[in-house]
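Below is one structure, written out as structure tokens; comments come after it.
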Amino acid sequence: TREARSGQIVVARVHDEVTVKRLRRRGNTVELVPENPEFKTLVVDLREDDFAIEGLGVGVIRRPL
């Protein structure tokens, strides 16, 4: 598992699903917060849930519209 700081964008695996969200550490839980407000925040209990950080966001590539 890679180390990630609170506030970083991560590629996270929760059980059998993979997601890209902003990480917030809160004691024994982790919140995975989407940038899009139409999606829900995922709350992961580190004592019970199968959770791993698969990668870290390092940049964004944008092309003009």
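Per this note's numbering, the sequence shown starts with residue 281, numbered consecutively. The C-beta atom is built at its ideal place from N, Cα and C for all residues, glycine as well. Given the structure is predicted, the values throughout are model-derived calculations rather than measurements.
{"query": "Contact set for residue 323: own chain, Cβ-Cβ below 7 Å, skip 5 residues either direction", "result": "309, 311"}
{"query": "Under the three-state DSSP convention, the category residue 336 falls into", "result": "strand"}
{"query": "Three-state secondary structure assigned by DSSP to residue 345", "result": "coil"}
{"query": "8 Å Cβ shell around residue 316 - same chain, five flanking residues per side excluded", "result": "none"}
{"query": "Spatial distance of residue 288 from residue 304 (CA atoms)", "result": "8 Å"}
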